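Peer 1: Just so you know, the sequences run in chain order A and B.
All residue numbers for the first sequence refer to our numbering, where the first residue is 1 and numbers rise by one.
All residue numbers for the second sequence refer to our numbering, where the first residue is 1 and numbers rise by one.
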Amino acid sequence: MSLKSYSRARSVHVMLVYTGGCNGCDIEIVNCIFSPKYDAEQYKIFLTWNPREADVLVVTGPVTKHNEQPLREIYKAIPEPKAVIAAGACALMGGVYKNINGDIPSEEIMGPVDKIIPVDAKVPGCAVRPEDVLAGAVAALPKLLNAK
Amino acid sequence: MDEDNKVTKKQVIETEVPLGTVHSAAIEPYRVRLFVEDEIVKDAEITVGVNHRGVERIMEGLPVEKANSLTEKICGICSNSHIWNSVLVAEKALGIEVPERALYIRIIMEELERLHSHMLYLAHGSEVLGHETFAMRIFYIRETVMELLRMIGGNRVQYGVPIIGGIRPRAELDLMRIQKIKDGMDFVEEKITEFAERFVSDPMVMSRITGVGILKKEDAIRLSATGPTLRATGVDIDLRRDMPEYESFEFNVITQDDGDVKANILVRVLEIPESIKIIRQAIDHLPEGKITNRSWDMEDSPVTNNYIEVPRGKLYHSYSLDDGRVRNVIIRTPSITNIGAMEYACIGYHITDAQLAIVQCDPCFTCTDRAIKIIQI
């Protein structure tokens, strides 16, 4: 393991972007970092709100119309190497709001996330469980560590 | 510009500080425009609409059971309140009697949800204050409540306990579950008392939150604030006292007089033991019997509405039933009536207090984005 990947593995900064879900996933992800029961900080995963110091972008929610452009800009602002985790049923396939095969498909939803930005790891669940978020973060790590 | 000033007689403030829609201080996407003069906020404007998903539109024409479970997805914090109120509307429209046992279990769920919502508010408030240790301690206590909710409903966030006529069979309480709830309540009460004592005896925190973001009683009433935000200004109002569901429970309505951040935090801290009291009464007097009333028929009904008291205030749902399908859905959540209070609480304080003054009203912007703006062409 090179010095670069050794040090990268010891400070993974996660940025949480909320694109119009129901708050459930966001609270579970914040819970997963702050709550002493899960405490992602012991694995050197830190929560940040600044895209320029982030390594991993966690996206929740189905991406509403107004959130599409900000999401692209945030993705551009994150320095390489970067990884994206889509968390929750809404981020993966639009959730209940996309109303797939429903009577009235919603016009407000631009998602799912992988239509807009490339996604490296997917975390299922409605709402996601903190254990799964940790597993997703671990699944996205090789991309960061193996980058030149 | 000059013409406009003559009409409105408003002072034009040049310096504007926009926050959002994605900002480090706000977890949810919303936009705040702060108009400042010498670092003092002179005016504030909150814009919502970023989260709009059109749940009412998706609900239109769905079978009523499906629509009820969709209301749960409006908010991940007070999901049980939404599904409960939506189910109550249907029960009111069809005239369904709910068994006593189901009613008690619904109330246990609602009060557990109030506990976790208030604790989330305390954790979020502590984080905005910059006191991360308090936030972590509160998350530690909150985890017990989340585990209880998962035990009863099967999911940590959206539990889906009420159905039309009663509750889901999954949520039936037996002796083991009752014992777990009792133990959990003892733990939460002990820990939250410790936390409250620690919190009010911390001079640094208290000096930061006292006298910041004051909302006067008259202003709160004029701006139609609701829930704990209104109770923190000294108005003794709680819909739970008038709800028929809460008739057999005894609890106190907590009020504070100051209307600042301290009063808002204290109202929520002191409401936690009251909720624990209600849960204990419900467990001690849990009636025997069935949990679902299946003897009802679907009928058409005109628009029916219902109000309940949820952790953030008053929640309104209304819809009509047509051939078993839902029509004309209107949902009004407490955060949308609190927006005026949030804007008003920032005015006159330093710009660094603005976020705190907004957070003190416990905003939930995912609930708020309900209405569609109709533009006249």
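Virtual Cβ for every residue (Gly too), placed ideally from N, Cα, C.
A quick note: this is a predicted structure, and the numbers were derived from the prediction, not measured.
For Ile-138 (chain B), which option in B:Gln-158, B:Ile-96 and B:Arg-198 has the closest C-alpha, if you only look at C-alpha atoms?
Peer 2: Your numbering for residue 138 (chain B) matches position 138 in the second sequence. For the residues B:Gln-158, B:Ile-96 and B:Arg-198, the minimum Cα distance to Ile-138 (chain B) belongs to B:Arg-198.
Peer 1: What are the boundary residues of the alpha helix (DSSP H) that His-317 (chain B) is part of?
Peer 2: Along the second sequence, one-based indexing puts residue 317 (chain B) at 317. Premise fails: His-317 (chain B) lies in the beta strand (DSSP E), 313–322, not in any alpha helix (DSSP H).
Peer 1: Run down chain B in chain order and give the residues with a C-beta less than 9 Å from the C-beta of Lys-122 (chain A).
Peer 2: Sequence index remark: in the first sequence, residue 122 (chain A) carries index 122 (1-based). The contacting residues do not exist; Lys-122 (chain A) stays about 18 Å from chain B at best.
Peer 1: With 16 other CB atoms within 10 Å as the buried threshold, where does Ser-79 (chain B) fall?
Peer 2: In the second sequence, counting from the first residue as 1, residue 79 (chain B) sits at position 79. It counts as buried.
Peer 1: Check distances from the C-beta atoms of the segment 156–174 of chain B to those of chain A and list, in chain order, the residues that come in under 8 Å.
Peer 2: Hits within the stretch, in order: Arg-156, Val-157 and Gln-158.
Peer 1: Which residue from B:Lys-290, B:Asp-258 and B:Val-326 puts its Cα closest to that of Val-212 (chain B)?
Peer 2: Against the second sequence, residue 212 (chain B) aligns to sequence position 212. Measuring from the Cα of Val-212 (chain B), the nearest candidate turns out to be B:Asp-258.
Peer 1: What's the gap between the Cα of Lys-115 (chain A) and the Cα of Val-253 (chain B)?
Peer 2: As a first step, residue 115 (chain A) must be located in the first sequence, where it is residue number 115. As a first step, residue 253 (chain B) must be located in the second sequence, where it is residue number 253. Near 49 Å, if we compare the C-alpha coordinates of Val-253 (chain B) and Lys-115 (chain A).
Peer 1: Out of curiosity, what's the CA-to-CA distance linking Val-123 (chain A) and Leu-71 (chain A)?
Peer 2: Reading the first sequence from its first residue, position 123 is the one you call residue 123 (chain A). Reading the first sequence from its first residue, position 71 is the one you call residue 71 (chain A). Cα to Cα, Val-123 (chain A) sits roughly 18 Å from Leu-71 (chain A).
Peer 1: I'd like to know if Lys-180 (chain B) contacts chain A, where contact means its C-beta is closer than 8 Å to some C-beta of that chain.
Peer 2: Here residue 180 (chain B) corresponds to residue number 180 of the second sequence, with the count starting at 1. Cβ-Cβ to chain A under 8 Å: no for Lys-180 (chain B).
Peer 1: Return the first residue and the last residue of the alpha helix (DSSP H) that Leu-145 (chain A) is part of.
Peer 2: Against the first sequence, residue 145 (chain A) aligns to sequence position 145. Here the alpha helix (DSSP H) through Leu-145 (chain A) covers 130–145.
Peer 1: Quick one: is Glu-131 (chain A) near chain B, going by C-beta distance under 8 Å?
Peer 2: Within the first sequence, residue 131 (chain A) is the residue found at index 131, counting from 1. With 8 Å as the cut-off, Glu-131 (chain A) does not count as an interface residue toward chain B.
Peer 1: Which first and last residues belong to the alpha helix (DSSP H) in which Ser-79 (chain B) is found?
Peer 2: The sequence position of residue 79 (chain B) within the second sequence is 79, counting from 1. 79–94 is the span of the alpha helix (DSSP H), which, as asked, contains Ser-79 (chain B).
Peer 1: Specify whether the segment 182–191 of chain B and the segment 226–239 of chain B touch according to this definition: at least 3 beta carbon pairs, one from each stretch, less than 8 Å apart.
Peer 2: Segments in contact, no.
Peer 1: Counting only beta-carbon atoms, is Ser-275 (chain B) nearer than 8 Å to chain A?
Peer 2: Stepping through the second sequence from its first residue, residue 275 (chain B) is reached at position 275. Not closer than 8 Å to any Cβ of chain A, the Cβ of Ser-275 (chain B) fails to qualify, so no.
Peer 1: Report the neighbours of Tyr-97 (chain A) on chain B: residues whose CB is nearer than 8 Å to its CB, in chain order.
Peer 2: Within the first sequence, the letter at position 97 stands for residue 97 (chain A). Here the neighbours are Arg-53, Gly-54, Val-55, Ile-58 and Lys-73.
Peer 1: If you drop the 5 nearest sequence neighbours on each side, which residues of the same chain put their C-beta closer than 7 Å to that of His-131 (chain B)?
Peer 2: Your numbering for residue 131 (chain B) matches position 131 in the second sequence. Hits under 7 Å: Val-205.
Peer 1: Would Met-119 (chain B) and Ile-141 (chain B) qualify as a contact pair, given that the criterion is a beta-carbon distance under 8 Å?
Peer 2: As a position in the second sequence, residue 119 (chain B) is number 119, starting the count at 1. As a position in the second sequence, residue 141 (chain B) is number 141, starting the count at 1. Yes.
Peer 1: Shortest alpha-carbon distance to Gly-136 (chain A) belongs to which of A:Asn-67, A:Cys-32 and A:Gln-69?
Peer 2: The count along the first sequence starts at 1 and reaches residue 136 (chain A) at position 136. It is A:Cys-32.
Peer 1: Buried or exposed: which applies to Glu-91 (chain B), given that a residue is buried once 16 or more other Cβ atoms fall within 10 Å of its Cβ?
Peer 2: Position 91 of the second sequence, counted from the start, is the residue given in the question as residue 91 (chain B). With 16 or more Cβ atoms within 10 Å of its Cβ, Glu-91 (chain B) is classed as buried.
Peer 1: With a 10 Å radius around its C-beta and 16 neighbouring C-beta atoms as the bar for buried, classify Glu-110 (chain B) as buried or exposed.
Peer 2: Stepping through the second sequence from its first residue, residue 110 (chain B) is reached at position 110. It counts as buried.
Peer 1: Within a Cβ cutoff of 8 Å, which residues of the same chain sit near Met-1 (chain B), ignoring the five residues on either side of it in sequence?
Peer 2: The sequence position of residue 1 (chain B) within the second sequence is 1, counting from 1. Residue placement at Met-1 (chain B) cannot be trusted, given a pLDDT of 48 that sits under 50; what the coordinates show is reported in the next sentence. Here the set comprises Val-12.
Peer 1: Indicate whether at least one CB of chain A lies closer than 8 Å to the CB of Met-1 (chain B).
Peer 2: The residue labelled residue 1 (chain B) in the question sits at position 1 within the second sequence. Confidence is the limiting factor: at Met-1 (chain B) the pLDDT is only 48, short of 50, which leaves the residue's position unreliable and the question unanswerable from this model.
Peer 1: Using CA coordinates, which residue listed in B:Val-64, B:Gly-184 and B:Arg-156 is at the minimum distance from Asp-300 (chain B)?
Peer 2: Mapped onto the second sequence, residue 300 (chain B) falls at position 300. For Asp-300 (chain B), the nearest C-alpha among the options comes from B:Val-64.
Peer 1: Would you kindly check if the distance between the Cβ of Gly-20 (chain A) and the Cβ of Arg-53 (chain B) is under 8 Å?
Peer 2: In the second sequence, residue 53 (chain B) corresponds to position 53, counting from 1. In the first sequence, residue 20 (chain A) corresponds to position 20, counting from 1. In contact: Arg-53 (chain B) and Gly-20 (chain A) (Cβ atoms closer than 8 Å).
Peer 1: Could you check if Tyr-97 (chain A) is buried or exposed, using at least 16 other CB atoms within 10 Å of its CB as the buried criterion?
Peer 2: Here residue 97 (chain A) refers to the residue found at position 97 when the first sequence is read from its first residue. It counts as buried.
Peer 1: Spatial neighbours of Tyr-68 (chain A) within its chain, please: CB distance less than 7 Å, with the 5 preceding and 5 following residues excluded, ordered by chain position.
Peer 2: To locate residue 68 (chain A), count along the first sequence from 1; it is residue 68. Reading off the sequence, residue 68 (chain A) comes out as Glu, not Tyr. Around Glu-68 (chain A): Met-110 and Ile-116.
Peer 1: Output, in sequence order along the chain, the residues in the segment 68–88 of chain A whose CB is closer than 7 Å to any CB in chain B.
Peer 2: Residues Pro-70 and Ile-74.
Peer 1: Please say whether Tyr-18 (chain A) and Thr-60 (chain A) have beta carbons closer to each other than 8 Å?
Peer 2: The count along the first sequence starts at 1 and reaches residue 60 (chain A) at position 60. The count along the first sequence starts at 1 and reaches residue 18 (chain A) at position 18. Contact: yes.
Peer 1: 8 Å is my cut-off, CB to CB: does Leu-19 (chain B) come that close to chain A?
Peer 2: What you label residue 19 (chain B) is simply residue 19 of the second sequence in a count that begins at 1. Leu-19 (chain B) does not count as touching chain A.
Peer 1: Using a Cβ-Cβ cut-off of less than 9 Å, give me the residues of the segment 342–361 of chain B that come near chain A, in sequence order.
Peer 2: Hits within the stretch: zero.
Peer 1: If you compare alpha carbons, which of B:Thr-71, B:Val-55, B:Asp-242 and B:Ile-339 is closest to Asp-219 (chain B)?
Peer 2: What you label residue 219 (chain B) is simply residue 219 of the second sequence in a count that begins at 1. Residue B:Ile-339 is the option with its Cα nearest to Asp-219 (chain B).
Peer 1: Under the rule that 16 or more other beta-carbon atoms within 10 Å means buried, what is Val-138 (chain A), buried or exposed?
Peer 2: Locating residue 138 (chain A) in the first sequence gives position 138, counting from the first residue. Its Cβ having fewer than 16 others within 10 Å, Val-138 (chain A) is exposed.
Peer 1: Taking 6 Å as the limit between beta carbons, can you name the residues of its chain near His-13 (chain A), skipping five residues before and five after?
Peer 2: If you number the first sequence from 1, residue 13 (chain A) lands on position 13. The residues are Phe-46, Thr-48, Glu-53, Ala-54 and Asp-55.
Peer 1: Helix, strand or coil for His-13 (chain A) per DSSP?
Peer 2: Here residue 13 (chain A) corresponds to residue number 13 of the first sequence, with the count starting at 1. If DSSP states are grouped into helix, strand and coil, His-13 (chain A) belongs with the strands.
Peer 1: Taking a cut of 7 Å between CB atoms, which residues from the segment 127–141 of chain B lie near chain A?
Peer 2: Residues Ala-135, Met-136, Phe-139 and Tyr-140.
Peer 1: What separation, rounded to the nearest whole angstrom, lies between the Cα atoms of Ala-282 (chain B) and Ile-108 (chain B)?
Peer 2: Within the second sequence, numbered from 1, the residue matching residue 282 (chain B) stands at position 282. Within the second sequence, numbered from 1, the residue matching residue 108 (chain B) stands at position 108. Cα to Cα, the separation comes out at about 7 Å.
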